[in-house]
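> Sharing a structure, written as structure tokens. Questions coming.
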Amino acid sequence: MSRPSKPLTVARLNDAILGCFGCFQPSATLDHLVHFLGTWGGSDKLFMVIQYTIKLIVPFLRLRARLQHRAGLRHEPISRAANACAKFDNMLGDSRTLWRFVGLLPILQWLISLERNQQPTRNIHVIERLQGWAMLAYYPLEHLYYLSSHGIIPNTVKNPLRSISQRKFIRLDPNTLGIWSCRCWALYVILQFFHLRENRRLLRSRQKALRKAKSTGLTPAEKEELTQRWDAWWSEVVVNLGYLPLTIHWSLKKGLYKNELWTAIFGLIAGVASFRSGWRATALPSSPRSGKKDEGDSPPATGYDVPS
Numbered sequence: 001m002s003r004p005s006k007p008l009t010v011a012r013l014n015d016a017i018l019g020c021f022g023c024f025q026p027s028a029t030l031d032h033l034v035h036f037l038g039t040w041g042g043s044d045k046l047f048m049v050i051q052y053t054i055k056l057i058v059p060f061l062r063l064r065a066r067l068q069h070r071a072g073l074r075h076e077p078i079s080r081a082a083n084a085c086a087k088f089d090n091m092l093g094d095s096r097t098l099w100r101f102v103g104l105l106p107i108l109q110w111l112i113s114l115e116r117n118q119q120p121t122r123n124i125h126v127i128e129r130l131q132g133w134a135m136l137a138y139y140p141l142e143h144l145y146y147l148s149s150h151g152i153i154p155n156t157v158k159n160p161l162r163s164i165s166q167r168k169f170i171r172l173d174p175n176t177l178g179i180w181s182c183r184c185w186a187l188y189v190i191l192q193f194f195h196l197r198e199n200r201r202l203l204r205s206r207q208k209a210l211r212k213a214k215s216t217g218l219t220p221a222e223k224e225e226l227t228q229r230w231d232a233w234w235s236e237v238v239v240n241l242g243y244l245p246l247t248i249h250w251s252l253k254k255g256l257y258k259n260e261l262w263t264a265i266f267g268l269i270a271g272v273a274s275f276r277s278g279w280r281a282t283a284l285p286s287s288p289r290s291g292k293k294d295e296g297d298s299p300p301a302t303g304y305d306v307p308s
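Right, here's the structure in full:
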């Protein structure tokens, strides 16, 4: 004997349609994604991965269009999808540069914290000081590059020291500003390799000390701690290996290479590794960040993008 169906009322219809999301269970992954992308660094890492993925896709779409045109499968050797993706790439690069206008504030916060917290070694303290000062020069130069390249500020301004200088005006060349901005960023990346060397030495000392103290072997918690630290260390190595050729390329007037496909490859490597590192760090807030649990905070990630 079948049960009589309940009459369809406005309330039931409301619950069925507007309340359809009640069928879904809360998702820890979604909560993590919202938390990670809700931060400036998290969203920038995602857009970086998307941007450099597009930079890899566009040349292949254009190559396919040319091959199809030669084979008589396309009326013209132009890929509309590639042109649309290229425009989106330019929008992402432009937006990421604009969003970094607040990047100087975390650097100031980090430098202040650096002087008020004891560092594990003198070398790390000196390296991070130099990195902080490199970023203090990087951001203003990048901001001036962005504003001048978009015609927001004039390329020629009055020299504030004109009373004691023969130069009455200072020329703000966007290309020169961009190059020197990237050189400051390259200095940061190079210093980070020295930082990683110090981190590696500390991690190996920590590992030896634990093994020496535990004659019966490391506990699962200690093994997990060391695994997380080494994983974060290797992630940072990959990130910097991706950034190093980019920073050198953009620091030279003629560049390091001719084929810009290398820019997409190196940028994607750095972006994916950086996103993975940030994702794991936010998933495990008590775990070490960048392999430095007790070694002070690292500065926020930086990244310079030249609009193509």
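Residue numbering for the sequence shown follows full-length UniProt numbering, beginning at 1 and increasing consecutively. The beta-carbon is built from N, C-alpha and C at its ideal position, and this holds for glycine as well.
Name the residue from Leu-13, Gln-207, Cys-20 and Arg-100 whose alpha carbon lies nearest to the alpha carbon of Thr-39.
Here residue 39 is taken as the residue at index 39 of the sequence shown, counted from 1. For the residues Leu-13, Gln-207, Cys-20 and Arg-100, the minimum Cα distance to Thr-39 belongs to Arg-100.
> Kindly indicate which three-state DSSP category Phe-101 falls into: helix, strand or coil?
Here residue 101 refers to the residue found at position 101 when the sequence shown is read from its first residue. Helix, per DSSP.
> So, for Leu-130: in the same chain, excluding its five sequence neighbours on each side, which residues have a beta-carbon less than 6 Å away from its beta-carbon?
Residue 130 sits at position 130 when you count from the first residue of the sequence shown. Answer for Leu-130: Leu-191, listed in chain order.
> Can you tell me whether DSSP reads Ile-170 as helix, strand or coil?
Here residue 170 corresponds to residue number 170 of the sequence shown, with the count starting at 1. Here Ile-170 sits in strand by DSSP.
> Measuring only the C-alpha atoms, how far is Ser-290 from Thr-263?
In the sequence shown, counting from the first residue as 1, residue 290 sits at position 290. In the sequence shown, counting from the first residue as 1, residue 263 sits at position 263. In this prediction, Ser-290 has a pLDDT of 40, which is less than 50 and means its spatial position is unreliable; what the coordinates show is noted afterwards. When rounded, the distance between both Cα atoms is 24 Å.
> My parser needs the beta strand (DSSP E) runs of 3 or more residues fully inside the segment 108-161; what are they?
Within the segment 108-161, the complete beta strand (DSSP E) runs of at least 3 residues are 156-158.
> Determine the direct distance from the alpha carbon of Trp-233 to that of Asn-199, and round the result to whole angstroms.
For the purposes of this step, residue 199 is taken as the residue at position 199 of the sequence shown. For the purposes of this step, residue 233 is taken as the residue at position 233 of the sequence shown. One C-alpha to the other measures close to 8 Å.
> So, using beta-carbon positions, are Pro-77 and His-69 closer together than 8 Å?
Numbered from its first residue, the sequence shown carries residue 77 at position 77. Numbered from its first residue, the sequence shown carries residue 69 at position 69. Yes, they are a contact pair.
> So, for Leu-104: in the same chain, excluding its five sequence neighbours on each side, which residues have a beta-carbon less than 8 Å away from its beta-carbon?
Residue mapping note: residue 104 aligns to position 104 of the sequence shown, counting from 1. Hits under 8 Å: Met-135, Leu-136, Tyr-139 and Pro-140.
> Compare the beta carbon distance of Arg-64 and Ser-43 with 8 Å and say whether it is the shorter of the two.
On the sequence shown, position 64 is the one that residue 64 refers to. On the sequence shown, position 43 is the one that residue 43 refers to. No, they are not a contact pair.
> Which class does Leu-30 belong to by DSSP, given the choice of helix, strand or coil?
Here residue 30 corresponds to residue number 30 of the sequence shown, with the count starting at 1. Helix at Leu-30.
> How far does the alpha helix (DSSP H) with Phe-24 in it extend, from its first residue to its last?
Residue numbering aside, residue 24 sits at position 24 when the sequence shown is read from its first letter. Note, Phe-24: premise wrong, no alpha helix (DSSP H); not H, not E.
> Using CA atoms only, rank isn't needed, just tell me which of Ile-17, Lys-168 and Asp-173 is closest to Tyr-146.
For the purposes of this step, residue 146 is taken as the residue at position 146 of the sequence shown. Of the candidates Ile-17, Lys-168 and Asp-173, the one whose C-alpha sits nearest the C-alpha of Tyr-146 is Asp-173.
> Considering only C-alpha positions, which residue in the set Tyr-188, Leu-210, Leu-268 and Leu-203 is nearest to Ser-132?
In the sequence shown, residue 132 corresponds to position 132, counting from 1. Reading off the sequence shown, one finds Gly at residue 132, where the question assumed Ser. Answer by Cα proximity: Tyr-188.
> Which whole-angstrom value is the C-beta distance of Phe-275 and Lys-55, which I expect to be below 8 Å?
Residue mapping note: residue 275 aligns to position 275 of the sequence shown, counting from 1. Residue mapping note: residue 55 aligns to position 55 of the sequence shown, counting from 1. Not quite, the Cβ-Cβ distance comes to about 16 Å (not below 8 Å), so this is no contact.
> Secondary structure at Thr-39, three-state DSSP: helix, strand or coil?
Residue 39 sits at position 39 when you count from the first residue of the sequence shown. In this structure, Thr-39 counts as coil in the three-state DSSP scheme.
> Does chain C have any CB closer than 8 Å to the CB of Ile-190?
Absence of chain C from the displayed structure is noted, only one protein chain being present.
> Let me check understanding here. Comparing Cα to Cα, which of Gly-151, Asn-175, Leu-202 and Leu-241 lies closest to Gly-230?
Start at 1 with the first residue of the sequence shown, and residue 230 comes out as number 230. One point to set straight first is that residue 230 is Trp, not Gly, in the sequence displayed. Trp-230 has its Cα closest to that of Leu-202, out of Gly-151, Asn-175, Leu-202 and Leu-241.
> How would you call Gln-51, buried or exposed, if buried means at least 16 neighbouring beta carbons within 10 angstroms?
Position 51 of the sequence shown holds residue 51. With 16 or more Cβ atoms within 10 Å of its Cβ, Gln-51 is classed as buried.
> Is Asn-155 closer than 8 Å to Arg-171 when the C-beta atoms are compared?
If you number the sequence shown from 1, residue 171 lands on position 171. If you number the sequence shown from 1, residue 155 lands on position 155. Taking 8 Å as the Cβ cut-off, Arg-171 and Asn-155 qualify as a contacting pair.
> For my contact list, Cys-23 and Leu-61 are in at a C-beta cut-off of 8 Å; report their separation, rounded to the angstrom.
Your numbering for residue 23 matches position 23 in the sequence shown. Your numbering for residue 61 matches position 61 in the sequence shown. 39 Å between Cβ atoms; not a contact.
> Is the CB-CB distance between residue 310 and Ile-179 below 8 Å?
Since the first residue of the chain shown is 1 and the last is 308, residue 310 is not available in this structure.
> Reducing DSSP to helix, strand and coil, say where Gly-217 ends up.
For the purposes of this step, residue 217 is identified with residue 217 of the sequence shown, where counting begins at 1. Three-state result, Gly-217: coil.
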